[in-house]
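Chains as they are written, first to last, in this note's numbering: chain A, 25 to 199; chain B, 353 to 516. The next block holds one structure in the form of structure tokens; read it before the comments.
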């Protein structure tokens, strides 16, 4: 009981460090906490979130998988795993995990948004549109940023493709 | 205005009034040397060069004054930023980059300029930098990204409808 209470206080302290921008200190405290209470899945979750924010996606994925080993039916953890896989560029894997998360909790708009993004970056605009029209956009600047980047990337790739086609046409005509 | 500055300024103006243009150029050169960013002194020196028939020096001094005025004008970084935005829209990305970077280095508050720079970094594969720049937009205009998403969605969705 006391061990749990102490773990909780350390978790809160780590969160305070993260809030102050002292990521290394917070992560170090969480690692220490988990060495004493290895099944404290919330700590793995926070560690994964922070590692993801500093773009250490592989390490973050390892941590969130540990959280899921402790509690396999937590849709929030599945969503974070899907988000991390998306950020890492593993879109098909992300899609699968996010769909599983929605199977557990079919009301999470954040999960729907990342699923829509997986469709968009794989050029499936119809599915992207359907999800976003049905579910709307989650109120989070992080999600907005991801959506904007994906939309602009799609636009850029489309423009480049059209540009290539325009250049290819005269050559074909010449043949 | 300091006593030395006022004294030199009066002296130079008097020399011009008396038709001693050559000495006036020396006085205004000294004044500008002491205050190199003062565009008013630059104008006096240019005038003195002109009256002394040193046209090339006068032209260069007036050009220098233009640069000073532009540097000190608070709107200049915005104009430079918009020049970068125009080049971005024309897909001249490498040419756009210095304009956008310089504008943002001068702490402007225009989300459209931040947005173009963020997207430009993304196109160049500098994703961490893209995130860093785009995250700053929220502090300037919290509704900007929402409006942009709406606009881009409409644009892309109209393409899918067109296809169907």
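Ideal Cβ placement from N, Cα and C applies to all residues, glycine included.
Neighbour list for residue i in chain A, Cβ cutoff strictly below 8 angstroms
i                      : result
residue 482 of chain B : 173
residue 504 of chain B : 172, 175, 176, 179
residue 486 of chain B : 169, 172, 173
Neighbour-count burial assignment, residue i, 16 or more Cβ in a 10 Å radius
i                      : result
residue 125 of chain A : buried
residue 370 of chain B : exposed
residue 34 of chain A  : buried
residue 429 of chain B : buried
residue 113 of chain A : exposed
residue 499 of chain B : exposed
residue 485 of chain B : buried
residue 438 of chain B : exposed
residue 399 of chain B : buried
residue 52 of chain A  : exposed
residue 110 of chain A : buried
residue 130 of chain A : exposed
residue 199 of chain A : With a pLDDT of only 47 at residue 199 of chain A, under 50, the local geometry of the prediction cannot be trusted, and the value read off the model is given with reservation. Exposed.
residue 417 of chain B : buried
residue 421 of chain B : exposed
residue 107 of chain A : buried
residue 88 of chain A  : buried
residue 191 of chain A : exposed
residue 176 of chain A : buried
residue 62 of chain A  : exposed
residue 65 of chain A  : buried
residue 44 of chain A  : exposed
residue 56 of chain A  : exposed
Under 7 angstroms by beta carbon: chain A residues contacting residue i
i                      : result
residue 509 of chain B : 153
residue 500 of chain B : 172
residue 356 of chain B : Going along chain A, no residue has its Cβ under 7 angstroms from residue 356 of chain B, so there is no contact; the nearest lies around 48 angstroms.
residue 425 of chain B : What residue 425 of chain B touches in chain A: nothing, since even the nearest Cβ is about 31 angstroms away.
residue 490 of chain B : 165
Contact set between residue i and chain B, taken where Cβ atoms lie within less than 7 angstroms
i                      : result
residue 79 of chain A  : 480
residue 145 of chain A : Neighbours of residue 145 of chain A on chain B: none; closest Cβ ~12 angstroms, over 7 angstroms.
residue 156 of chain A : 505
residue 7 of chain A   : Limits of chain A in this structure are 25 at one end and 199 at the other, which puts residue 7 of chain A out of reach.
Partner residues on chain A for residue i, Cβ-Cβ distance less than 9 angstroms
i                      : result
residue 322 of chain B : An answer regarding residue 322 of chain B cannot be provided, because it is not within the stretch 353 to 516 covered by chain B.
>> Against chain B, which members of the region 170 to 182 of chain A pass a CB distance test of less than 9 angstroms?
In response: 171, 172, 173, 175, 176, 177, 178, 179, 180, 182
> When you check each C-beta in the region 158 to 170 of chain A against every C-beta of chain B, which residues fall closer than 9 angstroms?
Replying inline: 161, 163, 165, 166, 168, 169
> Pairing CB atoms from the region 418 to 437 of chain B with CB atoms from the region 452 to 460 of chain B, are three or more of them under 8 angstroms?
Replying inline: yes
>> Can you pull out the residues from the region 465 to 480 of chain B whose beta carbon lies closer than 7 angstroms to at least one beta carbon of chain A?
In response: 471, 474, 475, 480
> Is the region 374 to 382 of chain B touching the region 399 to 408 of chain B in the sense that three or more CB pairs, one from each, lie closer than 8 angstroms?
Replying inline: yes
>> Which runs of the beta strand (DSSP E) at least 3 residues long sit entirely within the region 437 to 489 of chain B? Give them in chain order.
In response: none
> In the region 84 to 107 of chain A, which residues sit with their C-beta less than 9 angstroms from some C-beta in chain B, listed in chain order?
Replying inline: none
> Given 8 angstroms as the limit, is there contact between the region 359 to 369 of chain B and the region 379 to 390 of chain B, that is, 3 or more CB pairs closer than that?
Replying inline: yes
> Whole alpha helix (DSSP H) runs in the region 105 to 158 of chain A with 4 or more residues, listed along the chain?
Replying inline: 115 to 128, 133 to 145
> Counting pairs of Cβ atoms below 8 angstroms between the region 135 to 152 of chain A and the region 468 to 475 of chain B, do you hit three or more?
Replying inline: no
> How about the region 405 to 423 of chain B and the region 384 to 397 of chain B: do they share at least three Cβ pairs that are nearer than 8 angstroms?
Replying inline: yes
>> At 4 residues or longer, what runs of the alpha helix (DSSP H) sit wholly inside the region 40 to 68 of chain A?
In response: 47 to 60
>> Closer than 8 angstroms is the cut-off here; do at least three beta carbon pairs connect the region 439 to 447 of chain B with the region 142 to 149 of chain A?
In response: no
> Looking at C-beta atoms only, is the number of pairs between the region 501 to 510 of chain B and the region 473 to 481 of chain B that lie closer than 8 angstroms three or more?
Replying inline: no
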